[in-house]
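Heads up: the sequence shown runs through residues 10 to 244, numbered per the working numbering.
We put the CB at the ideal spot given by N, CA and C, even for glycine.
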Amino acid sequence: MSQYKVLIAGAGLGGLAAASCLLKAGHDVEIYEQAPQLGEIGAGIQVSANAMHVLRHLGVGDAVTKAGVKPGAYVFRLHDTGEVIQQFSLSDEHERLHGAPYTQLHRADFHDILAAKARELKPDVVNLNRRVTGFSENDSGVELRFDDGSTARGDFLIGADGVKSVVRGQIVGQVPATYTGDAAWRVTVPVERLPRDFLPQVMSVFMGPGGHAVCYYLRGGALLNFVGIIETDDI
């Protein structure tokens, strides 16, 4: 198999995961990240079986499971009475059907795991303080340009540089964000600040008119992740 030099713009979840897959397949990879250091913010993220298969292939499935929580079920309730209106299993049955577990974990923990794996495969894979400004390509490959005037050359380029992607913008043009009509508030709460037995370790969804709330646990049950979504034009 030919070995390719692959350039990746962005060291987020997608860029790091792509890098590890390519390194594991025997290719050379360089990630270019505009931030001065790796780090991630955010709150909870849900990882279903299809993604877990990839993470197991990379050898980080156990680390992801350990860092998160495997919910017992998805439970839908009425917002005002708490009455259960629907539920389905996410535990052993889910893993039996799909071959991998459903896991919830903090986005920052997920990022740390993926960054550690990429650096295990190639210690200097991440190049920090490299802001991408554009690229050019010809029959011999692709050249990535940075704001300090430097360049990098490779056989392929992967644009994983976020919602304001420079790479995507050059390919398809700048597409303005379109408001969906839904606004979301996200917060994590240490469980010691909650009433005892506040919610079981399931994915709890409270349904109401014009909105809903989602609650689930992270970090082995040490944090509760809350997401509140409403339909509104007032933003």
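- Inter-segment contact for the region 190-204 and the region 73-84 is absent: fewer than three beta-carbon pairs are separated by less than 8 Å.
- In the structure shown, residue 240 falls within a strand segment according to DSSP collapsed to helix, strand and coil.
- Taking each of 60, 216, 26 in turn and checking the Cα distance to residue 108, the smallest one comes out for 60.
- If you check the CB distance, residue 124 and residue 17 do not come in under 7 Å.
- Taking the C-beta atoms as reference points, residue 146 is found no nearer than 7 Å to residue 162.
- Setting aside the 5 residues that flank it on each side, residue 131 is surrounded in the same chain by 32, 38, each with a C-beta closer than 7 Å to its C-beta; the list follows chain order.
- Note on residue 234: 16 or more other CB atoms within 10 angstroms of its CB, so buried under the neighbour-count rule.
- When the five nearest sequence neighbours on each side are left out, the beta carbons in the same chain lying within less than 7 Å of the beta carbon of residue 140 are those of 43, 155, 156, in order along the chain.
- Beta bridge pairing from DSSP links residue 144 with 153.
- Setting aside the 5 residues that flank it on each side, residue 96 is surrounded in the same chain by 82, 83, 84, 85, each with a C-beta closer than 7 Å to its C-beta; the list follows chain order.
- Closest in alpha carbon position to residue 211, among 99, 45, 14, is 99.
- In the assembly as shown, residue 111 is a buried residue. Its beta-carbon has 16 or more other beta-carbons within 10 Å.
- Here the C-alpha atom of residue 134 lies approximately 23 Å from the C-alpha atom of residue 62.
- DSSP assignment within the region 15-54 yields the following whole beta strand (DSSP E) runs of 3 residues or more, N-terminal first: 37-41.
- In this structure, DSSP gives residue 70 a helical state, which the three-state scheme calls helix.
- Residue 138 is positioned such that its CB atom lies no closer than 7 Å to that of residue 41.
- Scanning its chain for C-beta atoms nearer than 6 Å, with the 5 sequence neighbours on each side dropped, one finds around residue 174 the residues 168, in chain order.
- A straight-line Cα-Cα distance of about 15 Å links residue 192 and residue 217.
- DSSP places residue 130 in the uninterrupted alpha helix (DSSP H) bounded by 116-130.
- Taking the CA atoms as reference points, residue 46 sits about 21 Å from residue 15.
- Residue pairing from DSSP leaves residue 89 without any beta-bridge partner.
- For residue 112, the pairing in a beta bridge is given by DSSP as 56.
- Short of 6 Å from the beta carbon of residue 55, and not among the five residues preceding or following it, lie these beta carbons of its own chain, in chain order: 113.
- Of the candidates 120, 67, 129, 120 places its Cα closest to the Cα of residue 53.
- The alpha-carbon separation between residue 126 and residue 89 amounts to approximately 45 Å.
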